[in-house]
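Data first, discussion second: the structure below is written as structure tokens.
2 protein chains.
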Amino acid sequence: MTGNPEINGERLLERLDRFAEIGATAGGGVNRQALTELDRKARLLLAELAEARGFGVFQDPAANLFIRRRGKDEKAPPLLIGSHLDSQPSGGRFDGALGTLSAFEVLESLEDAGVETQRPVEVVAWTNEEGCRFAPGCMGSSAFSAGEIPLAWSDMAATDGARFGDELKATIASLPQAAMRDLGFPAYAYLELHIEQGPSLEKEDIPIGIVTGIQGTRWLEVTVSGQTAHAGTTALNYRRDPLRAMIATLNGLYASIMPQDERARFTVGRIAVEPGAINAIPQTALCTIDIRHPDSSEIERLSAAVEQVFSDRAGAERCQVALRQTFDMPPANFPQKVLEVLGRAAVKGGLATTRMLSGAFHDALFVNRVAPAAMIFVPCRDGLSHNEAEYTAPRHVVSGARMLLLSTIEILETEV
Amino acid sequence: MTGNPEINGERLLERLDRFAEIGATAGGGVNRQALTELDRKARLLLAELAEARGFGVFQDPAANLFIRRRGKDEKAPPLLIGSHLDSQPSGGRFDGALGTLSAFEVLESLEDAGVETQRPVEVVAWTNEEGCRFAPGCMGSSAFSAGEIPLAWSDMAATDGARFGDELKATIASLPQAAMRDLGFPAYAYLELHIEQGPSLEKEDIPIGIVTGIQGTRWLEVTVSGQTAHAGTTALNYRRDPLRAMIATLNGLYASIMPQDERARFTVGRIAVEPGAINAIPQTALCTIDIRHPDSSEIERLSAAVEQVFSDRAGAERCQVALRQTFDMPPANFPQKVLEVLGRAAVKGGLATTRMLSGAFHDALFVNRVAPAAMIFVPCRDGLSHNEAEYTAPRHVVSGARMLLLSTIEILETEV
Numbered sequence: 036m037t038g039n040p041e042i043n044g045e046r047l048l049e050r051l052d053r054f055a056e057i058g059a060t061a062g063g064g065v066n067r068q069a070l071t072e073l074d075r076k077a078r079l080l081l082a083e084l085a086e087a088r089g090f091g092v093f094q095d096p097a098a099n100l101f102i103r104r105r106g107k108d109e110k111a112p113p114l115l116i117g118s119h120l121d122s123q124p125s126g127g128r129f130d131g132a133l134g135t136l137s138a139f140e141v142l143e144s145l146e147d148a149g150v151e152t153q154r155p156v157e158v159v160a161w162t163n164e165e166g167c168r169f170a171p172g173c174m175g176s177s178a179f180s181a182g183e184i185p186l187a188w189s190d191m192a193a194t195d196g197a198r199f200g201d202e203l204k205a206t207i208a209s210l211p212q213a214a215m216r217d218l219g220f221p222a223y224a225y226l227e228l229h230i231e232q233g234p235s236l237e238k239e240d241i242p243i244g245i246v247t248g249i250q251g252t253r254w255l256e257v258t259v260s261g262q263t264a265h266a267g268t269t270a271l272n273y274r275r276d277p278l279r280a281m282i283a284t285l286n287g288l289y290a291s292i293m294p295q296d297e298r299a300r301f302t303v304g305r306i307a308v309e310p311g312a313i314n315a316i317p318q319t320a321l322c323t324i325d326i327r328h329p330d331s332s333e334i335e336r337l338s339a340a341v342e343q344v345f346s347d348r349a350g351a352e353r354c355q356v357a358l359r360q361t362f363d364m365p366p367a368n369f370p371q372k373v374l375e376v377l378g379r380a381a382v383k384g385g386l387a388t389t390r391m392l393s394g395a396f397h398d399a400l401f402v403n404r405v406a407p408a409a410m411i412f413v414p415c416r417d418g419l420s421h422n423e424a425e426y427t428a429p430r431h432v433v434s435g436a437r438m439l440l441l442s443t444i445e446i447l448e449t450e451v
Numbered sequence: 036m037t038g039n040p041e042i043n044g045e046r047l048l049e050r051l052d053r054f055a056e057i058g059a060t061a062g063g064g065v066n067r068q069a070l071t072e073l074d075r076k077a078r079l080l081l082a083e084l085a086e087a088r089g090f091g092v093f094q095d096p097a098a099n100l101f102i103r104r105r106g107k108d109e110k111a112p113p114l115l116i117g118s119h120l121d122s123q124p125s126g127g128r129f130d131g132a133l134g135t136l137s138a139f140e141v142l143e144s145l146e147d148a149g150v151e152t153q154r155p156v157e158v159v160a161w162t163n164e165e166g167c168r169f170a171p172g173c174m175g176s177s178a179f180s181a182g183e184i185p186l187a188w189s190d191m192a193a194t195d196g197a198r199f200g201d202e203l204k205a206t207i208a209s210l211p212q213a214a215m216r217d218l219g220f221p222a223y224a225y226l227e228l229h230i231e232q233g234p235s236l237e238k239e240d241i242p243i244g245i246v247t248g249i250q251g252t253r254w255l256e257v258t259v260s261g262q263t264a265h266a267g268t269t270a271l272n273y274r275r276d277p278l279r280a281m282i283a284t285l286n287g288l289y290a291s292i293m294p295q296d297e298r299a300r301f302t303v304g305r306i307a308v309e310p311g312a313i314n315a316i317p318q319t320a321l322c323t324i325d326i327r328h329p330d331s332s333e334i335e336r337l338s339a340a341v342e343q344v345f346s347d348r349a350g351a352e353r354c355q356v357a358l359r360q361t362f363d364m365p366p367a368n369f370p371q372k373v374l375e376v377l378g379r380a381a382v383k384g385g386l387a388t389t390r391m392l393s394g395a396f397h398d399a400l401f402v403n404r405v406a407p408a409a410m411i412f413v414p415c416r417d418g419l420s421h422n423e424a425e426y427t428a429p430r431h432v433v434s435g436a437r438m439l440l441l442s443t444i445e446i447l448e449t450e451v
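The listed protein sequences correspond, in order, to chains A and B.
Counting from 36, one number per residue, gives the positions in the first sequence under my numbering.
Counting from 36, one number per residue, gives the positions in the second sequence under my numbering.
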């Protein structure tokens with residue numbers, strides 16, 4: 036590789052500010068939800084910046100946006116680097132935008148240095164990663180990896196009432212300069228830079244996380260049913276209290292799962308009680324459970340254990356249990372070869388790193404199914420994300436982009 | 036006392052059926068909420084039945100309805116017997132109506148037998164015992180015992196939007212034949228027959244409960260605050276999970292309070308979690324606690340213990356606790372002399388009885404503050420109440436009414 040590309044930190048930070056204006060909220064964050072006018076505005080801005088540098092602009096039927104810098108071998112599967120541009124309703128300015136704009140900065144740095152690459156390198160902005168306006172999340176990357184858009188998505192209504200099929204069509208139509216390409220194509224590899232959305236890097240004061248994989252996730256919904264009765268008149272032996280059973284069960288699970296395994300995550304996010312009157316012994320108690328682990332056999336074991344203890348405890352209280360799985364995402368492990376590429380890149384760049392798991396979903400989870408992938412994390416203040424106060428310091432932004440550039444160069448020179 | 040009064044079981048059962056038609060629900064229950072048209076209809080029917088027997092019909096400014104059978108000494112404070120006529124929205128046909136119509140049957144039995152009593156005997160139907168349409172409950176009896184209607188009630192809006200002051204006025208105006216009397220007056224004593232609303236009498240197969248008092252009740256609302264964070268990314272040592280803290284605390288309280296004291300009641304009726312998303316560690320968790328005990332010092336001790344363990348446990352999870360008392364009703368103990376009257380009446384009637392506490396509030400709780408009072412319970416199937424399937428068998432209805440009659444006679448012949 037000729038040339039000595041370097042990240043232009045100022046340019047990147049200015050780009051972040053510029054995109055943060057699109058959907059800026061009073062609280063200092065961003066509300067730029069998928070497939071809205073604002074999402075289209077951001078896509079347009081990126082396309083214009085691309086055209087100004089002579090990069091190719093493409094989109095696919097899922098409105099994924101691709102910015103292509105040519106390689107010597109135009110037939111070679113491209114290296115993809117990127118993230119997403121859509122945000123949460125009360126989102127921050129870094130979640131997704133950091134990775135996408137850093138990737139674009141990588142392209143510009145290569146261009147500035149006159150670097151010729153064998154392969155093409157493409158920036159990708161995946162459609163609807165957040166999944167808040169239309170569920171589920173990671174729509175663009177999952178459609179890309181599956182090679183198709185599920186039929187069921189078309190008629191789906193947004194939280195604001197709009198129809199997915201119409202919004203998708205309008206979004207594609209809003210960027211006529213983006214040539215249409217097939218949904219799904221061979222890619223050499225995929226690298227994504229993202230804020231950690233957790234507190235570890237900040238607390239350990241390490242600028243770069245090399246993400247080894249994404250935890251598997253399983254969501255359960257548990258309903259325990261007993262018998263409602265009067266809180267005052269009903270003695271203990273006459274009670275069939277589903278909430279009592281549920282609380283005893285959850286207490287045991289809280290006390291065992293995470294304390295015994297630092298890689299496990301067990302969270303109860305919601306409890307609903309019926310009838311929900313202060314003076315009524317509950318009739319039913321419902322809770323949601325979020326289980327995560329990088330090891331799929333552990334997810335199976337934990338789910339089975341949860342089901343067993345609920346069953347035992349409910350039985351002891353003469354209650355019934357109904358348990359259903361509402362979501363299941365197997366773990367994704369990024370290929371060793373790619374992790375080694377990142378490791379070498381960090382050494383070359385003098386960047387301190389730590390290996391870590393991602394607890395959150397990312398587009399990389401899906402792209403990893405069809406191309407070798409990995410992620411790079413940077414610290415975010417207090418681990419805060421999905422929050423207008425989300426913040427990553429400029430030095431961490433620049434380190435992250437440097438790491439992405441170095442990793443891009445390293446992975447183009449390796450066989451992965 | 037001359038004459039040999041006897042309950043006319045058929046007449047009473049027919050009356051119960053007749054009143055059950057006023058607000059009858061498809062499920063076989065009654066929706067005859069306080070101060071509605073249906074409540075007025077029931078009052079009117081009772082007034083007409085009274086007039087047909089030559090009894091006096093009175094009401095007070097709280098719309099409490101009184102049916103008076105004269106005594107030899109018209110100046111003597113009357114014996115009051117009765118209950119309420121209003122129901123829950125999905126209520127049963129016995130809750131309140133049993134006591135009120137049995138009391139009216141007692142008057143009619145005395146009249147049929149030509150019994151002359153020294154004192155007047157009055158049937159009372161207290162306004163808004165249920166407290167569902169307008170809160171709180173026991174409005175009529177609490178206003179009677181306080182001698183005044185709280186100013187704040189007037190502008191209170193019902194669950195259906197109606198204004199209390201307007202509905203009260205309309206209810207009073209709907210029965211012009213009921214002469215107005217002062218709110219609160221000296222009463223000799225008060226006896227109330229009611230369904231148990233619990234399962235004990237049925238399970239122990241005893242037809243009559245002599246109620247020694249009403250448990251004290253204290254309601255608490257506890258909010259534990261922590262910090263919301265991502266369920267996937269946040270390791271245990273970074274969590275400040277208020278729900279975890281709450282569940283650990285409640286589990287300990289469930290396991291200790293009621294198992295250690297069969298007179299105590301501890302119930303969690305409601306839990307609410309924010310943000311309440313399956314993949315978010317909670318920010319806040321709120322629960323309601325209903326504590327009951329016949330001993331007021333125990334209520335104090337239990338409340339203090341609840342506050343203490345919540346504080347300790349929340350602190351251990353690095354969360355905050357806010358606890359507030361939303362309701363406090365001290366225990367009521369019915370006077371020994373009245374309990375002895377009931378005991379003698381049962382012996383005379385050949386009725387098996389057991390002494391018991393009431394876990395639910397009743398008008399007798401308030402009347403007991405101004406006149407010696409007591410309650411008589413009869414079994415209800417499965418202990419079910421506040422439910423359209425509420426049911427008391429005819430033989431228990433009749434035993435209850437007999438017990439009320441015998442107790443009426445006994446208390447008139449005693450000095451209490």
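Backbone N, C-alpha and C define an ideal beta-carbon position, used for all residues, glycine too.
Model, not experiment: these values are computed from the prediction.
Considering only C-alpha positions, which residue in the set B:186, B:155 and B:177 is nearest to residue 405 (chain B)?
B:177
In the segment 256-271 of chain B, which residues sit with their C-beta less than 7 Å from some C-beta in chain A, listed in chain order?
264, 265, 266, 267, 268, 269, 270 and 271
To the nearest angstrom, report how far apart residue 146 (chain A) and residue 134 (chain A) are at their CA atoms.
18 Å
Can you pull the chain A residues whose beta carbon is under 8 Å from the beta carbon of residue 426 (chain B), in chain order?
Scanning chain A for C-beta atoms nearer than 8 Å to the C-beta of residue 426 (chain B) yields nothing, as the closest lies near 15 Å away.
At the level of alpha carbons, what is the spacing between residue 169 (chain B) and residue 196 (chain B)?
When rounded, the separation of the alpha-carbon atoms in residue 169 (chain B) and residue 196 (chain B) is 10 Å.
Helix, strand or coil, according to DSSP, for residue 103 (chain B) in the structure here?
Correct three-state label for residue 103 (chain B): strand.
Integer Cβ distance of residue 439 (chain B) from residue 246 (chain B), believed to fall under 8 Å:
Their Cβ separation, rounded to whole angstroms, is 13 Å, which puts residue 439 (chain B) and residue 246 (chain B) out of contact at 8 Å.
Step through the CB atoms of chain B and report whether any lies within less than 8 Å of the CB of residue 25 (chain A).
No statement about residue 25 (chain A) is possible, as the shown extent of chain A runs from 36 to 451 and does not include it.
Proximity test, Cβ basis, 8 Å: residue 300 (chain A) and chain B
yes
Reduced DSSP category for residue 287 (chain A) - H, G, I as helix; E, B as strand; rest coil
In the structure shown, residue 287 (chain A) sits in a helix (DSSP, three-state: H, G or I).
Which residue's Cα is closest to the Cα of residue 442 (chain B): B:402, B:76 and B:117?
The shortest Cα separation from residue 442 (chain B) among B:402, B:76 and B:117 belongs to B:117.
Helix or strand or just coil, what does DSSP make of residue 396 (chain B)?
coil
Is DSSP giving residue 94 (chain A) helix, strand or coil here?
strand
State buried or exposed for residue 215 (chain A), treating a residue as buried only when at least 16 other CB atoms are found within 10 Å of its CB.
exposed
Would residue 308 (chain B) and residue 304 (chain A) qualify as a contact pair, given that the criterion is a beta-carbon distance under 8 Å?
In contact: residue 308 (chain B) and residue 304 (chain A) (Cβ atoms closer than 8 Å).
Does the segment 417-437 of chain A come into contact with the segment 344-363 of chain A, if we say contact requires no fewer than three beta-carbon pairs (one atom in each stretch) closer than 8 Å?
no
For chain A, check one thing: does any of its Cβ atoms lie closer than 8 Å to the Cβ of residue 325 (chain B)?
yes
Cβ neighbours of residue 85 (chain B) in the same chain (closer than 7 Å, five flanking residues each side left out):
92 and 102
Work out the CA separation of residue 173 (chain B) and residue 161 (chain B) for me, nearest whole Å.
8 Å
Residue interval of the beta strand (DSSP E) (run including residue 118 (chain A)):
114-119
How far does the alpha helix (DSSP H) with residue 176 (chain B) in it reach, from first residue to last?
174-181
Could you tell me whether the Cβ of residue 297 (chain A) comes closer than 8 Å to any Cβ of chain B?
yes
Interface partners of residue 293 (chain B) on chain A, CB under 9 Å:
270, 271 and 274
Taking all protein chains shown into account, decide if residue 332 (chain B) is buried (16 or more other Cβ within 10 angstroms of its Cβ) or exposed.
Residue burial is scored here from C-beta neighbours: residue 332 (chain B) has fewer than 16 other C-beta atoms within 10 angstroms and is therefore classed as exposed.
Buried or exposed: where does residue 298 (chain A) fall if 16 or more other Cβ atoms within 10 Å of its Cβ makes it buried?
Here residue 298 (chain A) is exposed: its Cβ has fewer than 16 other Cβ atoms, across all protein chains shown, within 10 Å.
Let me know the secondary structure DSSP gives residue 362 (chain B) once reduced to three states.
strand
Tell me, which residues are paired with residue 325 (chain A) by DSSP?
According to DSSP, residue 325 (chain A) bridges with A:254 and A:302.
For residue 295 (chain B), does the count of other Cβ atoms within 10 angstroms reach 16, so buried, or fall short, so exposed?
exposed
Please check the pair residue 373 (chain A) and residue 329 (chain A), which I expect to be a contact at CB under 8 Å, by giving their CB distance rounded to whole angstroms.
Incorrect: roughly 16 Å between the Cβ atoms, too far for contact.
Give a yes or no on whether the minimum CB-CB distance between residue 145 (chain A) and chain B is below 8 Å.
no
What residues of chain A sit near residue 250 (chain B), judged by a beta carbon separation below 7 Å?
267
How big is the Cα-Cα spacing for residue 394 (chain A) and residue 403 (chain A)?
16 Å
Find the nearest neighbour of residue 327 (chain A) within the set A:345, A:188, A:400 and A:365, judged by alpha-carbon distance.
A:365
Partner residues on chain B for residue 254 (chain A), Cβ-Cβ distance less than 7 Å:
313
Based on the DSSP output, what are the partners of residue 225 (chain B) in its beta bridges?
B:115 and B:408
Could you run through the segment 197-225 of chain A and flag, in chain order, every residue whose CB is less than 7 Å away from some CB of chain B?
Along the segment 197-225 of chain A, there is no position whose C-beta sits under 7 Å from a C-beta of chain B.
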